[in-house]
Structure formats: C-alpha cells, structure tokens
Amino acid sequence: MKENSIPKIYQITGLIAFIYSILLVVYAIYNQFFYVDGTWFHGFTANGFAVLSGLIWFGILFIFKWFLNRVLYYSKSNLLINAYLIFLGISTLSTATVLYKSIKVYSSLEEGDKFNSLTAFATSSISGAIFLFISSFAIILISVLLGNQIRKIDIVQKQLFQILGFTFIGYGVVSVLGTFGLLGTDVFQFLTKAGLSILIGLIIKKVFSMDYSDLITLTDFENRTEKSAPKPKPEQRKEYKTPEITTTYKNTVVKEKPKETFSHNEELPKINLEELEDKDLILSYFENLPEVELNRLEALIQNKYKQVLTKEQKQNLVLHYISEKKLYDHQRFLPK
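The opening position of the sequence shown corresponds to residue 657 in the numbering used here, with each subsequent residue numbered one higher.
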C-alpha cells in the first residue's frame with residue numbers, strides 16, 4: 657500500500673487488538689487454574705484486569721468505528737457501536753469505583769478506620785453491582801444486534817466480516833449463559849472476546865495491505881450503489897455543424913462555411929489486445945467476471961471518459977483497465 661494512504665493509527669489499533677487477544681487468553685488461563693475466590697490479591701487482580709480490559713476494548717471499538725466510517729465509508733453500525741461503548745463505559749466505571757473502594761478498605765484495616773471504609777465499600781458495591789447488571793445485559797443484547805449488522809458488510813473482506821458478525825452473536829449467547837452460571841466458568845467469554853479482537857485486528861491488517869486505488873474503487877462503487885435516488889447522468893456533448901448559409905447579392909452567390917465544433921471529451925486510448933501483458937490471463941479473467949463486477953467496471957469506464965461508448969469500446973477499455981490495475985493477479989493484495 658502506498659505510504660500515508662490510510663492513517664497509521666488504524667494499523668497500530670490492529671496491533672493492539674492482537675496483543676489484547678493474547679492478554680485475554682493469558683488471563684483466561686489464570687482465571688481457570690490459579691484464581692482463588694475470596695482473597696484480597698485475586699480480588700484486586702480480577703477487578704484491576706476488568707478495568708484495564710474495559711479501557712482497551714473501548715479504545716479498540718472506538719477506533720474500529722472510525723475505521724468503518726472513514727476508510728470503508730460504512731456507517732450503518734454507528735448507533736449500535738455507540739450504544740455498546742456507552743454501556744461498556746458505565747460497566748468499566750462501576751468496576752473501577754468498586755476497585756478503588758476495596759483498596760481503601762484494605763488500607764484501612766491497618767489504620768483502624770474499618771467501619772467507615774466498610775460502609776462506603778458496601779454502598780459502592782451495591783450500586784456498582786446494579787450498574788454492572790444493567791450494563792451487562794445491555795451489552796449482551798447489543799452484541800447480538802451488532803453481530804447481525806456486521807455480518808452483512810460486503811464492501812471488502814466479506815468472509816472475515818461474516819465471521820466477525822457471527823462471533824459477536826456467539827459472544828452475546830456465551831455471555832448470557834455465563835451470567836446465569838450455566839457454563840460453570842468464565843473462560844469461554846474470555847476466549848470468545850479474544851476471537852473478536854483477533855478478527856478486528858485481522859480485518860484492519862488485510863485492508864491496510866490492499867492497494868489503495870483498489871480500495872477507493874470498491875468503496876466508491878459501494879457508495880454509488882447504495883444511493884436511493886439515481887444521480888442525473890452527465891449531459892453528453894454532441895458534435896454538430898451549423899447549416900450552410902447561402903446569401904445572394906445580385907449576381908454573386910456567397911456561401912458561408914459552417915463553423916466546426918469540437919468535442920472536448922477525453923480521447924480514447926488506442927488498445928492492441930495482442931500487446932497486452934498476460935493476454936491469456938486477462939481474457940480468462942474477463943470472460944469469468946460476474947455480472948455485478950462487469951457492470952462496476954463499465955460504470956468506471958463510462959464515468960472516466962464521459963461519452964457514448966459502443967459495446968466493443970467498453971469491452972476494450974475494460975480489458976485495458978484490468979491489465980493496467982492487474983485485477984487478474986490474485987497476489988496483488990499481498991503485503992509489498
């Protein structure tokens with residue numbers, strides 16, 4: 657990809673998403689085999705990781721929403737992602753409050769102010785538990801709805817977006833089962849969330865590795881096809897000649913020559929199929945194009961030259977475009 661085509665913050669976010677997934681897996685192992693309920697140390701560890709995890713996940717989702725909006729020009733999921741972020745923020749803030757109060761209680765055990773600290777801790781724990789309960793169920797519901805929305809994204813990396821959407825739905829289902837204690841462990845929630853983080857990082861990495869001109873072409877075509885009202889077609893510039901005017905002065909006949917009008921349309925390139933590089937691959941790719949993709953390419957050609965083209969001209973220009981962009985080369989998306 658050309659340098660500075662896409663802001664580096666998205667690539668950094670993709671890397672953070674991969675690191676975050678590793679942290680979730682490590683904590684899942686700790687939670688399953690080393691966590692001891694009812695101890696101060698493990699209580700601090702659990703709440704501390706919950707706050708850290710919430711902040712990292714909040715940042716990843718926030719930047720991912722930007723990525724969908726500003727790189728893929730997709731904004732249909734904005735409402736659901738915003739709602740998810742709000743309840744995630746409430747949940748993280750509630751957990752942080754409980755963690756802070758628990759640290760104060762622990763420190764007061766040696767200072768003698770035990771009663772006041774315990775009272776404050778009990779109050780914050782009750783209110784925190786209520787907010788956590790509401791936020792958790794809201795996040796579960798939003799995860800299912802968001803997953804159903806994301807799985808329909810087909811601008812780029814359609815298969816990965818489908819997997820991401822179904823994983824969000826799976827995360828919601830697993831969270832419901834975990835909330836009611838039907839799974840007997842929280843490991844599945846951590847692993848499912850790690851899967852979400854990996855998929856987000858992978859999507860960002862794949863898109864970042866694409867050729868920027870191809871990405872712009874795909875997103876621009878998607879935007880045009882989603883418009884409900886068709887755009888008026890640009891007027892075709894027609895060549896015409898003014899009629900010849902004959903004026904008679906007694907015995908002399910004077911003919912005024914018509915003024916020639918020239919079209920300013922862009923000149924069509926001269927294309928010799930025999931001289932195209934990888935001619936056989938190009939023709940094979942062209943003959944197997946789906947109708948939707950063929951229409952997209954013809955629309956690009958029509959928009960570029962802005963003049964009436966014959967079927968043969970369109971075909972030749974599409975072949976030239978395929979050759980120029982090397983669309984037939986399936987390795988062009990690999991990192992350069």
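Cβ atoms here follow ideal geometry from the backbone N, Cα and C, with glycine treated the same way.
Just measuring C-alpha positions, the residue of Leu-833, Val-754 and Leu-736 sitting nearest Leu-801 is Leu-736. Our two residues, Pro-946 and Leu-939, have alpha carbons roughly 14 Å apart in a direct line. With a cutoff of 8 Å on beta-carbon distance, Phe-705 and Gly-857 are scored as not near each other. Below 8 Å, enough C-beta pairs join the region 709-719 and the region 742-759 to call them touching: three or more. DSSP places Tyr-683 in the uninterrupted alpha helix (DSSP H) bounded by 664-689. With respect to Val-863, Leu-871 sits close: the two C-beta atoms are nearer than 8 Å.
In this structure the region 746-760 does not touch the region 679-693; the number of beta carbon pairs closer than 8 Å is below three.
When only Cα atoms are considered, Glu-980 and Tyr-666 end up about 29 Å apart. If you ignore the 5 residues before and after Ser-733, its C-beta comes within less than 7 Å of the C-beta of Leu-724, Leu-802, Gln-805 and Ile-806, all in its own chain and listed in chain order.
Around the Cβ of Gly-828, a 10 Å sphere holds 16 or more other Cβ atoms; the residue is buried.
The beta carbon of Gln-813 sits closer than 7 Å to those of Ile-859, Lys-862 and Val-863, all from its chain and outside the five residues before and after it, given in chain order.
In the structure shown, Phe-718 falls within a helical segment according to DSSP collapsed to helix, strand and coil. Considering only Lys-960, Leu-975, Thr-695 and Glu-968, the residue with the shortest C-alpha distance to Leu-937 is Leu-975.
Counting other Cβ atoms within 10 Å of its Cβ, Phe-817 reaches 16 or more and is therefore classed as buried.
A residue is called buried when at least 16 other Cβ atoms come within 10 angstroms of its Cβ; Lys-721 meets this threshold and is buried. DSSP places Lys-814 inside the alpha helix (DSSP H), whose first and last residues are 814-835.
Going by beta carbons, Thr-875 and Ile-957 fall outside the 8 Å limit.
Counted as a single uninterrupted DSSP element, the alpha helix (DSSP H) harbouring Arg-952 occupies residues 947-961.
Using a Cβ distance threshold of 8 Å, Thr-841 and Val-830 do not count as a contacting pair.
The residue among Ile-819, Asn-951 and Ile-978 with its C-alpha nearest the C-alpha of Tyr-941 is Ile-978.
Comparing alpha-carbon positions, the option among Asn-951, Met-866 and Ser-677 lying closest to Leu-728 turns out to be Met-866.
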